[in-house]
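Chemist: No gaps in the numbering here: position 237 of the sequence shown is 237 in our numbering, and each next residue is one more.
Here it is, the structure in full.
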Amino acid sequence: MLKRIKIKFVNGLTFDRAKLEILNELKEDFYFEESNQPDFVVFGPYGNDIPAKGIYTRIGYFCENVKPDFNCCEWAFGVPLEDTINNPNYARIQWHGFDPQCLIKPLLIDTASILESKTGFCNFLYSNCVPYRETFFKALNKYKKVDAPGFSMNNMPNIDHNRLGDKWKMKQQFLQQYKFTIAFENDTFLGYQTEKLYDAMQAVSLPVYFGDPNIDAVFNTKSFIHTREYIQPSAVVQFLEKSCQQDFEDIRPQFFYSPVHRIKRNLKKRGRYLKMNIQLNKKAIDKIIDKIVEADENPNVYLEYLKQPWLNQNSVPESTSTKKQWIKIFNSR
C-alpha cells in the first residue's frame with residue numbers, strides 16, 4: 001500500500017498540474033491527496049501567498065530564475081546549481097514539466113533527409129523584446145532573412161496562422177521547417193535553462209544557443225552551435241552575474257512598490273543588461289554568425305551537428321532527477 005501524502009499547492013501552483021509536472025516520477029511511490037489540513041505545503045514563485053510557519057512542512061518550488069529563500073521554507077527546489085546554494089535541503093530543477101527521454105536520439109538517424117526537409121533558413125520566435133537578442137537578430141538578418149513571427153522583431157504572421165493543434169504542436173510544426181533556431185535565454189546564469197533549447201531540439205532545428213554557462217554538464221555542445229565558444233571570459237561578467245541575480249523578494253508583488261526594492265531591482269536589471277552586452281559584443285556576434293554561415297553553406301558541417309546526440313552519452317543523467325529529494329522530504333515525517 002502506498003504511503004498517503006496530504007499536500008497542498010499554493011502561490012501559482014495547482015494540485016492537478018503539479019502531479020503531472022512536479023511529482024510525475026513519484027506516482028509508484030506515494031498516493032497524493034489534496035488537503036486543506038496538509039502535512040506538506042508547496043508554494044510557487046508567483047504571488048504573495050507564502051505559507052507561514054506551521055505544523056506542516058513548507059517546500060519552496062522556485063521554478064524561475066531567482067535565488068531560493070530559505071526564510072520562507074524548510075526545503076527548496078530551484079534553478080541555481082546545488083553547490084552554489086550549499087544546503088542539503090535544496091535540489092536543482094533540471095526538467096520542470098518536461099520529459100527528457102524525448103531528447104534521446106535513435107541510433108540510426110537519416111540526417112540527409114532531415115536536411116532535405118528544411119524549407120526555411122532560421123527563425124526567431126520571441127514575445128519579449130530583449131535588446132541583446134534583437135541586436136543579434138538584426139546582424140544575422142543582414143546575411144539572410146530570419147523569420148520572426150513573435151512580437152519581438154515581427155516580420156511575418158504569427159505561428160497559429162493556418163496551423164492546427166495545441167500551442168506546442170503549432171510551435172513544433174513551425175520550428176521544424178527551419179535549419180536553425182535562435183535559442184537565446186533572456187539572461188545567462190549558472191543552471192538557468194528554459195524550453196528555448198529543448199523545443200528546438202525536439203523539432204530537430206539546429207539550436208544557436210546562448211544561456212546557461214553550465215549547459216555542457218548535461219548537453220553535448222557538439223550537437224548545436226554553442227555561442228560560449230566565441231565569447232571571451234570576463235571578470236566583470238562574473239561579478240555582475242553574482243551581484244545581479246534576482247532574489248525571491250525581487251519578483252514578489254508584496255515588494256513591487258517599495259522605493260528601496262524598486263531601486264534594487266532597477267540596479268540589478270541594468271547590471272544584467274550590461275552583462276549581456278559585454279558577452280554578446282560585436283566581435284562575438286560576428287564569430288557566431290560566421291559559424292552559422294559555415295553550417296548553412298556547407299552541408300557536411302550541418303550534417304555533422306545532426307549526427308551528434310543532444311545529451312552527453314545520449315542518456316539522461318540520474319543526477320538531474322529530483323525524485324530522491326522528494327522521497328527524502330516525504331519520508332521526513
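A virtual CB, placed ideally from N, CA and C, is assigned to each residue, including glycine.
Just to confirm my understanding: we take Val316, look at its own chain, exclude 5 residues before and 5 after, and list those with CB closer than 6 Å. What are they?
Modeler: Closer than 6 Å at the Cβ level, and outside the excluded window around Val316, lie Pro100.
Chemist: Does the count of Cβ pairs from the region 30-40 and the region 216-223 closer than 8 Å reach three?
Modeler: Flag = no, the region 30-40 and the region 216-223 do not touch.
Chemist: Which complete beta strand (DSSP E) runs does the region 110-192 hold, if anything under 3 residues is left out?
Modeler: Counting whole runs of 3 or more residues, the region 110-192 contains the beta strand (DSSP E) stretches 120-123 and 178-184.
Chemist: Grab me the residues of Cys155's own chain with a C-beta within less than 6 Å of its C-beta, minus the 5 sequence neighbours each way, in chain order.
Modeler: Here the sequence assigns Asn to residue 155, which means Cys is not the residue at that position. Same-chain partners within the cutoff: Ala148.
Chemist: So, at 8 Å on beta carbons, what are the nonlocal neighbours of Ile7 in its own chain, with the 5 sequence-adjacent residues on each side left out?
Modeler: Around Ile7: Phe15, Phe32, Glu33, Glu34, Ser35, Pro38, Asp39, Phe40, Val41 and Val42.
Chemist: Considering only the alpha carbon of each residue, which of Pro131, Pro51 and Asp83 lies closest to Asn277?
Modeler: Of the listed residues, the one whose Cα sits closest to Asn277 is Pro131.
Chemist: How is the alpha helix (DSSP H) around Phe255 delimited, first residue to last?
Modeler: No alpha helix (DSSP H) holds Phe255; DSSP gives it neither H nor E.
Chemist: Within the same chain, show all residues whose beta-carbon is closer than 6 Å to that of Tyr61, passing over the 5 residues directly before and after it, in chain order.
Modeler: Only Val42, Gly44 and Phe77 meet the Cβ criterion.
Chemist: Are the beta-carbon atoms belonging to Phe30 and Phe330 less than 8 Å from one another?
Modeler: Yes, these two residues count as a Cβ contact at 8 Å.
Chemist: Would you call the region 302-315 and the region 200-207 touching, i.e. three or more CB-CB distances under 8 Å?
Modeler: The region 302-315, when compared against the region 200-207, does touch it at the 8 Å Cβ threshold.
Chemist: Between the beta-carbon of Ala183 and the beta-carbon of Pro207, is there less than 8 Å?
Modeler: Taking 8 Å as the Cβ cut-off, Ala183 and Pro207 qualify as a contacting pair.
Chemist: Specify whether the region 120-137 and the region 167-184 touch according to this definition: at least 3 beta carbon pairs, one from each stretch, less than 8 Å apart.
Modeler: Contact holds: three or more Cβ-Cβ distances are below 8 Å.
Chemist: Threshold first: 3 residues or longer. Then list the beta strand (DSSP E) segments lying entirely within the region 54-106, N to C.
Modeler: Correct list: 57-61, 75-78 and 90-92.
Chemist: Hey, how far is the Cα of His85 from the Cα of Lys144?
Modeler: According to the sequence as given, residue 85 is Ile; it is not His. Cα-Cα distance, rounded: 43 Å.
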